[in-house]
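Take a look at the structure set out below.
Number of protein chains: 2
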Amino acid sequence: METRTLHTFIRVAELQSFTKAAKELDFAQSTVTMQIRQLEAELGVPLFDRIGKRISLTAAGRKFLSHAYEITHIVQKAGALGTQTDGVLRIGVLGSLLFGKLTALLPRFRTAYPQVDLQIKMGRAAELLEQIKQNELDMVYLSADLNTDPDLVCLYKQQEELVFLCGADHPLATHRSVSLSELFENDFIVTERSGVCFGRLRRLAAEQNKLLRDPLEIDSTAVIATLLKAGKDLAFLPAYAVAQPLSDGSLVRLSVDTPPETYYRQVLCHKDRWISPILQAFLELIS
Amino acid sequence: METRTLHTFIRVAELQSFTKAAKELDFAQSTVTMQIRQLEAELGVPLFDRIGKRISLTAAGRKFLSHAYEITHIVQKAGALGTQTDGVLRIGVLGSLLFGKLTALLPRFRTAYPQVDLQIKMGRAAELLEQIKQNELDMVYLSADLNTDPDLVCLYKQQEELVFLCGADHPLATHRSVSLSELFENDFIVTERSGVCFGRLRRLAAEQNKLLRDPLEIDSTAVIATLLKAGKDLAFLPAYAVAQPLSDGSLVRLSVDTPPETYYRQVLCHKDRWISPILQAFLELIS
DNA sequence: ACCATCCATCGGTTTTTATGATTGAATATA
DNA sequence: TATATTCAATCATAAAAACCGATGGATGGT
């Protein structure tokens with residue numbers, strides 16, 4: 000049973016004529032005859048009584064007509080599947096990005112797409128990438144070097160700069176410029192040990208043949224900022240995460256004699272995945 | 000979009016495998032691939048993500064799956080159209096048969112098929128036959144000579160005998176035998192003027208070169224029976240219509256020296272009409 | 001009685017669908 | 001790490017079907 004045939008049947012029933020339906024649907028009249036006959040054969044029941052040169056629905060035909068309407072209605076709804084924005088969206092995100100970037104945007108998304116069942120799973124980068132390869136996540140939002148995995152595609156990337164920070168009362172705060180080796184005489188507060196910031200910081204220290212003194216590890220950048228204001232520690236964080244304390248002067252960005260350390264805040268998903276309208280909408284939210 | 004394809008899609012989704020679905024449905028695996036692809040093309044949306052060697056429904060695929068279930072469910076219902084007994088049944092019937100035969104049967108039909116919208120239209124034979132030719136009636140129930148119209152078919156026929164009747168107190172009641180010419184000295188009570196009984200009666204009179212004295216015309220055979228018991232009139236009626244008064248002796252059947260006058264109680268419908276289960280059921284009721 | 005209209009039928013053509021074998025990639029196994 | 005197995009996609013080919021145009025029979029109106 001084909002939807003095209005159902006269409007034909009419906010128009011024939013409505014117009015009470017094979018010929019008129021054929022003209023309207025741009026079929027040969029013989030085609031309409033055949034379609035109806037095939038439908039009748041498939042159902043095992045006559046749909047029209049052919050009495051003289053006019054036709055009329057049989058009892059079965061009348062009932063099947065309503066079925067046909069139902070089906071075409073469903074098919075019509077199904078035609079809009081590509082634009083519908085409801086369903087499940089499973090997002091993996093790094094803890095730092097969840098608190099630093101995503102949380103602020105979520106309310107807007109929830110109000111714009113209330114019918115999306117949003118499932119946000121926090122995790123470390125390696126775990127998230129493994130999950131997306133298993134198609135257990137629809138996309139991941141993380142900070143890292145540009146992706147090189149051929150199975151993944153980057154749907155969004157934004158370069159971010161990592162900056163050295165101290166509190167306004169810190170001795171270094173007033174220095175016009177600070178050397179790298181000088182920096183590493185201080186204690187650092189860092190975010191997660193496996194994150195990009197810590198990795199870059201460790202590399203820079205190693206290049207200076209310095210050893211990072213056992214740093215304090217705190218996931219929340221807000222807490223780090225507070226601690227910096229009060230104390231004598233330094234931090235190495237993405238600029239966007241401390242935009243507010245920098246602008247009000249409570250934190251100071253140190254001018255360091257080293258090429259800027261950059262990395263990417265990015266959205267990745269599996270290369271073979273379909274980018275659903277929901278996913279699309281979420282991407283637009285982020286960008 | 001074909002129901003076969005929907006079936007395939009459903010099984011693929013349920014089994015999470017093209018190959019398994021192909022085996023189960025007795026298709027080549029390449030056929031399943033093609034069917035799914037064609038479905039995706041028709042909907043303009045991918046239904047499965049092919050990641051590695053395993054597949055999983057996309058968001059659109061999940062939603063379409065429920066649509067597919069709905070459609071196949073409707074199609075399944077439609078498959079039983081040939082056996083369903085609900086809908087409209089339009090019956091044309093002669094007044095005499097309606098009161099004499101049909102009324103007694105209707106309650107049984109109503110309880111057996113409560114979902115049938117039964118439309119009983121009373122009318123004269125010529126009108127009814129015209130209506131059935133226009134497909135304004137599904138069947139007619141009438142008494143007449145055997146049908147000769149090539150457009151109509153007889154679905155049921157029962158030979159009935161017309162008998163001469165008088166009341167128990169009538170002078171002729173005790174006669175062993177009565178001649179035709181003797182009969183026509185009496186007054187007759189008849190049913191409708193265009194009916195079979197009256198026609199036959201008139202013919203018999205003509206053959207005897209007698210003139211029917213202006214007969215009393217009453218449609219109800221019950222009323223005629225009552226009048227016969229009390230009075231001096233005769234009647235010419237189908238035997239079945241007076242079975243009760245004959246058996247209890249209040250009416251007497253006259254033994255007349257003439258070949259028995261027979262005619263047919265019959266059900267006719269248009270030859271090209273589909274005999275629906277409802278109509279079938281009604282026929283079984285009558286027979 | 002004639003004409004126009006309607007649906008069924010038929011043969012030929014085109015389009016669609018199904019198949020089997022093969023390929024390439026991913027996963028399990030040794 | 002190498003090998004075997006499994007899975008879906010692809011391609012060429014064969015089968016099936018859908019479609020069309022012409023024709024014919026029957027009907028209904030003029």
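Chains V and D supply the protein sequences, listed in that same order. Mapping the first sequence onto numbering that gives the first Met the number 0, position 155 (from 1) lands on 154, and the numbers just tick up by one. Mapping the second sequence onto numbering that gives the first Met the number 0, position 88 (from 1) lands on 87, and the numbers just tick up by one. Glycine included, each C-beta is placed from N, C-alpha and C at the ideal position.
> Tell me the DSSP bridge mates of V:A143?
Replying inline: Bridge partners of V:A143: V:Y263.
> From this set, V:A172, V:T220, V:S176, which residue's C-alpha is nearest V:E191's C-alpha?
Replying inline: Among V:A172, V:T220, V:S176, the Cα nearest to that of V:E191 belongs to V:T220.
>> Starting from V:F17, trace the alpha helix (DSSP H) in both directions and tell me its first and last residue.
In response: Start and end: 17-24.
> Taking only beta-carbon atoms, is D:N134 less than 8 Å away from chain V?
Replying inline: Interface residue, yes.
>> Could you give the first and the last residue of the continuous beta strand (DSSP E) run that contains D:V189?
In response: Element bounds for D:V189: 187-189.
>> Checking 8 Å against the spacing of the C-beta atoms, do D:E181 and D:E260 come in under that value?
In response: No; because the gap between Cβ atoms is not below 8 Å, this pair is not in contact.
> In chain V, what lies closer than 9 Å to D:I35 by C-beta?
Replying inline: Contact note: D:I35 does not reach chain V at a C-beta cutoff of 9 Å; the least C-beta distance is about 13 Å.
> DSSP on V:S219, reduced to helix/strand/coil?
Replying inline: Correct three-state label for V:S219: coil.
> Going by other Cβ atoms of all chains shown within 10 Å of its Cβ, with 16 needed for buried, is V:E39 buried or exposed?
Replying inline: Only buried fits V:E39, as 16 or more other CB atoms lie within 10 angstroms of its CB.
> Just the Cα atoms here: how many angstroms apart are V:G81 and V:C165?
Replying inline: Distance between the alpha carbons of V:G81 and V:C165 is about 50 Å.
>> My parser needs the alpha helix (DSSP H) runs of 4 or more residues fully inside the region 220-257 of chain V; what are they?
In response: As far as the region 220-257 of chain V is concerned, its whole alpha helix (DSSP H) runs of at least 4 residues are 220-229, 242-246.
> Which residues share a DSSP beta bridge with V:Q298?
Replying inline: Because chain V here runs from 0 to 286, residue 298 of chain V falls outside it and cannot be looked at.
> Comparing the C-beta of V:D116 with each C-beta of chain D, is any distance below 8 Å?
Replying inline: With 8 Å as the cut-off, V:D116 does not count as an interface residue toward chain D.
>> Quick test of the definition: if touching needs 3 or more C-beta pairs under 8 Å, does the region 240-251 of chain V touch the region 205-219 of chain V?
In response: Cβ pair count under 8 Å is below three, so no.
>> For a test of the three-state rule: what should DSSP assign to V:Q37, helix, strand or coil?
In response: Helix, per DSSP.
>> On the DSSP bridge list, what partners appear for V:K120?
In response: Paired residues: V:G91.
>> Between D:A58 and chain V, is any beta-carbon pair separated by less than 8 Å?
In response: In terms of beta-carbon proximity, D:A58 lines the interface with chain V, with at least one pair separated by less than 8 Å.
>> Can you find the residues in the same chain that come closer than 7 Å, C-beta to C-beta, to V:G248, ignoring five residues on each side of it along the sequence?
In response: If we look at V:G248 and ignore the five residues flanking it on each side, its Cβ neighbours are A167.
> Just checking my contact of V:L289 with V:R10 at CB under 8 Å: how many whole Å lie between their CB atoms?
Replying inline: Given that chain V is displayed from residue 0 to residue 286, the structure contains no residue 289 of chain V and the question cannot be resolved.
> Can you list, in chain order, the residues of its chain whose CB lies under 8 Å from that of D:S68, leaving out five sequence neighbours each side?
Replying inline: Checking the displayed sequence, the identity of residue 68 of chain D turns out to be Tyr instead of Ser. Here the set comprises I9.
> Is V:K228 close to chain D, meaning its C-beta is less than 8 Å from at least one C-beta of that chain?
Replying inline: Contacts with chain D at 8 Å (Cβ-Cβ) do not include V:K228.
> Taking 8 Å as the CB-CB cut-off, is D:M138 touching chain V?
Replying inline: D:M138 has a beta carbon lying at 8 Å or more from every beta carbon in chain V.
>> Under 8 Å: do the region 43-51 of chain D and the region 272-280 of chain V share three or more Cβ pairs, one atom per stretch?
In response: With a cut-off of 8 Å, the region 272-280 of chain V and the region 43-51 of chain D count as touching, because enough Cβ pairs lie within range.
>> On the DSSP letters alone, give me the boundaries of the alpha helix (DSSP H) that V:R107 sits inside.
In response: DSSP places V:R107 inside the alpha helix (DSSP H), whose first and last residues are 102-111.
> Under the three-state reduction of DSSP, which class applies to V:I274: helix, strand or coil?
Replying inline: Coil, per DSSP.
>> Taking its Cβ as the centre, do 16 or more other Cβ atoms sit within 10 Å of V:R264, making it buried, or is it exposed?
In response: With 16 or more other Cβ atoms within 10 Å, it is buried.
>> Quick check on the burial criterion: 16 or more other C-beta atoms within 10 angstroms. Buried or exposed for V:G60?
In response: So V:G60 counts as buried.
>> I believe V:K120 touches V:R89 by the beta-carbon criterion, under 8 Å. Please report the beta-carbon distance rounded to the nearest angstrom.
In response: Between V:K120 and V:R89 a beta carbon distance of about 7 Å is seen, short of the 8 Å cut, so the two are scored as contacting.
> When DSSP labels each residue in this structure, what does V:V44 get in the three-state scheme?
Replying inline: Note: V:V44 maps to coil in three-state DSSP.
> Terminal residues of the continuous beta strand (DSSP E) containing D:L136?
Replying inline: Neither: D:L136 is in no beta strand (DSSP E) and is coded neither H nor E.
>> Rounding to the nearest angstrom, what Cα-Cα distance links V:L179 and D:F17 in this structure?
In response: Approximately 59 Å between the Cα atoms of the pair.
> Just the Cα atoms here: how many angstroms apart are V:K62 and D:Q279?
Replying inline: Going from the Cα of V:K62 to the Cα of D:Q279 covers about 18 Å.
> Any beta-carbon of chain D closer than 8 Å to the one on V:S16?
Replying inline: Closer than 8 Å to the CB of V:S16 there is not a single CB belonging to chain D.
> Whose Cβ in chain V lies nearer than 9 Å to the Cβ of D:D23?
Replying inline: The amino acid at residue 23 of chain D is misidentified as Asp; the sequence shows Glu. Residues of chain V passing the Cβ test: none, with the nearest at roughly 21 Å.
>> Suppose the cutoff is 7 Å on Cβ atoms and the five residues either side in sequence are ignored; what does the same chain contact list for V:S176 look like?
In response: Around V:S176: S254, D256.
>> Any beta carbon from chain V within less than 8 Å of D:V266's own beta carbon?
In response: No, no contact with chain V.
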